[in-house]
Amino acid sequence: MDNLNLSPELEQLERELAERAREEPAAALRARVIGNVQSELRQQRRQAGWAFAVAAAAAALVWINLSLTASRATDYRLAPGDQSAAVDSLASQIGELLPEVSRREAVRQAVLLESGSKLAWCPRPDTAPGVLRPFNRLDHNLP
Amino acid sequence: MSPRGADPLLAGLAAGREEAFAALYDRYAGRMLRAALGWLGRREDAEDAVQEVFTGLVRSRRKLAGVNDLAAYLFTALRRAAGRIAERRSREPAASEAARQAIQPADRPPGGPRAERLDRALRALSPEQREVIALKIDGGLTFGQIAEVTGVSPNTAASRYRYALEKLRASLPAGEVGAGKPSAKVPHVAED
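Chains as they are written, first to last, in our numbering: chain A, 170 to 312; chain B, 361 to 552.
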C-alpha cells in the first residue's frame with residue numbers, strides 16, 4: 170500500500186522533503202510536558218483519595234441514619250397486657266408492698282425479676298469445677 | 361500495527377505511570393512537533409498542540425489500554441488539538457495577531473533559499489494535501505494510519521499524497537527538483 174511506485178523525480182522530491190532541516194523538540198518543551206503530566210497524575214490521585222473518603226463518609230451516614238431510624242421505630246416501652254400472669258401477680262405484690270411505686274415501674278421490676286429467675290446457672294470463676302451457684306441469688310462473697 | 365493491548369507502553373499509560381508518559385514523549389514528540397508545524401506553521405503553536413495532546417492523554421488514560429494503534433491515536437488527537445489552536449488563532453483580533461507577528465514571525469525553515477522555496481510551495485498546497493504530506497513525511501505514518509487519522513480511505517490518502525508531490529514538483533522552479541545528490545529511499549517508519 171505504501172509503495173506508490175513514484176517516478177524518480179517524485180522520489181527525489183520525497184527525499185528532499187524528508188531531509189529538509191528537521192525541527193527537534195526543545196528540552197524546555199519536554200520539561201513542560203512531563204511536568205504537566207506529573208501534575209495531572211498527582212491531581213488524579215488526590216481526587217481518587219477524596220472520592221474514597223466521601224464514599225466512606227456517605228456509607229457511614231447511611232448506616233447511622235438506618236440505625237437511628239430502626240431505633241426510633243422500635244418501642245421499648247412495655248405494652249399494656251403483654252405480661253404473663255406471673256408478672257402481673259408479681260407487679261401487684263410489688264404495688265402492695267411499695268404503694269409509692271407506679272404501676273408501670275412495678276410491672277418493669279416484675280419483668281426483671283421474672284427474667285432473672287429464667288437465667289441459666291453459671292459457675293463462679295473461683296468455684297471448684299462442677300459446683301454451680303444460682304445466678305439470681307445475692308452473694309455477698311462475690312469479689 | 362500492534363495487536364490490541366500487546367504494547368506494554370499502553371498498559372503503563374493506562375495505569376498512570378509517569379515513566380510510561382516520558383517514554384511516549386521520547387518516542388513520538390519529534391514526529392508530532394514536525395507534523396503540527398506543518399499544520400500550524402508556528403513553533404509556539406505546534407508546541408502547544410503537543411502539550412494539549414499529552415494533557416488529554418493523562419485525563420483519558422484509562423481508555424488507552426484498548427487502543428489498537430497508538431501512533432494513529434496520537435496523531436488523531438494532535439490533529440484535533442491543531443484544529444482548536446488554529447481556530448483560536450483565527451478568532452484573535454487583528455491587532456494582537458500583528459503583535460504576535462512582530463514578536464514571532466512565522467518560523468522560517470533553515471536551509472537557505474531552496475528550503476524556503478520548498479516551504480512556500482508546501483504552503484501553497486491545499487489543506488488536505490499539506491496535511492497528508494505532514495503526516496507522511498514529518499509524522500512518519502503509513503497510509504493506513506493517515507486514513508485513520510483523517511477519516512478517509514487509505515487509497516484516498518495515497519492519492520492525495522501523490523497529487524501533493526506532483527503539485528510541489530510543478531510549483532518548484534524547473535530543474536530544481538532532483539538537483540540534489542541522490543540518496544537512499546525515504547525510509548518508512550516501522551509499524552508501531
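Glycine included, each C-beta is placed from N, C-alpha and C at the ideal position.
CA nearest to the CA of residue i, picked from the options
{"i": "B/A518", "options": "B/I493, B/D498, B/G499", "result": "B/I493"}
{"i": "B/A481", "options": "B/A380, B/L528, B/D386", "result": "B/L528"}
{"i": "B/L384", "options": "B/L400, B/S450, B/R419, B/A431", "result": "B/A431"}
{"i": "B/E407", "options": "B/V418, B/I445, B/E476", "result": "B/I445"}
{"i": "B/L370", "options": "B/D405, B/V418, B/L400", "result": "B/V418"}
{"i": "B/S486", "options": "B/D367, B/P533, B/V413, B/E526", "result": "B/E526"}
{"i": "A/R272", "options": "A/R211, A/S258, A/E283", "result": "A/S258"}
{"i": "B/W399", "options": "B/R387, B/L434, B/E488", "result": "B/E488"}
{"i": "B/R440", "options": "B/S531, B/V413, B/N428, B/G426", "result": "B/V413"}
{"i": "B/A475", "options": "A/A239, A/E188, A/L173, A/L179", "result": "A/E188"}
{"i": "B/D367", "options": "B/R422, B/V427, B/G390", "result": "B/V427"}
{"i": "B/P533", "options": "B/L501, B/L478, B/V509, B/D498", "result": "B/L478"}
{"i": "B/F381", "options": "A/R201, A/G285, A/A226, A/A195", "result": "A/R201"}
{"i": "A/A254", "options": "A/A228, A/E283, A/L266", "result": "A/E283"}
{"i": "B/D498", "options": "B/D386, B/R387, B/A396", "result": "B/A396"}
{"i": "A/G285", "options": "A/L266, A/L267, A/V256", "result": "A/V256"}
{"i": "B/G390", "options": "A/R191, A/L266, A/V206", "result": "A/R191"}
Close beta carbons around residue i, own chain, < 6 Å, minus the five adjacent residues each side
{"i": "A/K260", "result": "According to the sequence provided, residue 260 of chain A is Ala. The question's Lys does not apply to it. Counting only Cβ-Cβ distances below 6 Å, and skipping sequence neighbours, we find A275, V276, A279."}
{"i": "B/L393", "result": "A406, V410"}
{"i": "B/Y521", "result": "V492, K496"}
{"i": "B/E378", "result": "none"}
{"i": "B/F503", "result": "P514, A517, A518"}
{"i": "A/A222", "result": "none"}
{"i": "A/L179", "result": "none"}
Own chain partners of residue i with C-beta closer than 8 Å, once the 5 adjacent residues on each side are dropped
{"i": "B/S513", "result": "A507"}
{"i": "B/G416", "result": "A437, A441"}
{"i": "B/L501", "result": "A431, A432, F435, L495, V509, V549"}
{"i": "A/N172", "result": "none"}
Cβ-based neighbour list, residue i, same chain, cut-off 7 Å, excluding 5 preceding and 5 following
{"i": "B/G511", "result": "none"}
{"i": "A/L175", "result": "E183"}
{"i": "B/A484", "result": "S531"}
{"i": "B/A462", "result": "Confidence at B/A462 is low in this model, with a pLDDT of 49, below 50, so its placement is unreliable and the value that follows should be read with caution. No residues qualify anywhere along the chain."}
{"i": "B/A425", "result": "G365, L370, A371, A374"}
{"i": "B/Q464", "result": "Residue placement at B/Q464 cannot be trusted, given a pLDDT of 47 that sits under 50; the coordinates are not used to answer."}
{"i": "B/G376", "result": "R421"}
{"i": "A/I263", "result": "V270, A275, Q278, A279"}
Where residue i meets chain A, residues with beta-carbon distance less than 8 Å
{"i": "B/Q411", "result": "L198, R201, V202, N205"}
{"i": "B/R480", "result": "Simply none; closest approach about 13 Å."}
{"i": "B/A389", "result": "P194, L198, R199, V202"}
Partners in chain A for residue i, counting only beta-carbon separations shorter than 9 Å
{"i": "B/R403", "result": "E192, A195"}
{"i": "B/A437", "result": "Here the premise fails: no neighbours, minimum Cβ distance about 13 Å."}
{"i": "B/A371", "result": "Near B/A371 there are no residues of chain A at all, since even the closest Cβ is about 15 Å away, more than 9 Å."}
{"i": "B/E491", "result": "Ordered by position in chain A, no residue passes the 9 Å Cβ test against B/E491, which lies about 14 Å from the chain."}
{"i": "B/T415", "result": "V202, N205, V206, E209"}
{"i": "B/L430", "result": "Simply none; closest approach about 16 Å."}
{"i": "B/L397", "result": "E192"}
Contact list for residue i against chain A, beta-carbon separation under 7 Å
{"i": "B/V418", "result": "V206, E209, L210"}
{"i": "B/Y385", "result": "R199, V202, I203"}
{"i": "B/L424", "result": "Simply none; closest approach about 13 Å."}
{"i": "B/A382", "result": "I203"}
{"i": "B/E407", "result": "L198"}
Residue i: contacting residues in chain B (beta-carbon distance under 8 Å)
{"i": "A/L173", "result": "A518, Y521, R522"}
{"i": "A/L179", "result": "R522, L525, E526, R529"}
Cross-chain neighbours of residue i in chain B, by beta carbon under 9 Å
{"i": "A/Q213", "result": "G376, V418, R419, R421"}
{"i": "A/L288", "result": "Within chain B, no residue comes near A/L288; the closest Cβ sits about 60 Å away, beyond 9 Å."}
Contacts of residue i in chain D (Cβ-Cβ under 7 Å)
{"i": "B/L393", "result": "The structure shown has no chain D; the protein chains it does contain are A and B."}
**Q.** Complete runs of the alpha helix (DSSP H) confined to the region 459 to 531 of chain B [at least 4 residues]
**A.** If we require 4 residues or more, the alpha helix (DSSP H) runs fully inside the region 459 to 531 of chain B come out as 472 to 483, 487 to 493, 503 to 510, 514 to 531.
**Q.** Completely contained alpha helix (DSSP H) runs for the region 192 to 242 of chain A, where each covers 4 or more residues
**A.** 196 to 241
Q. Along the chain, which unbroken stretches of the alpha helix (DSSP H) at least 4 residues long are found entirely within the region 390 to 432 of chain B?
A. Counting only runs of 4 or more, we get 403 to 419.
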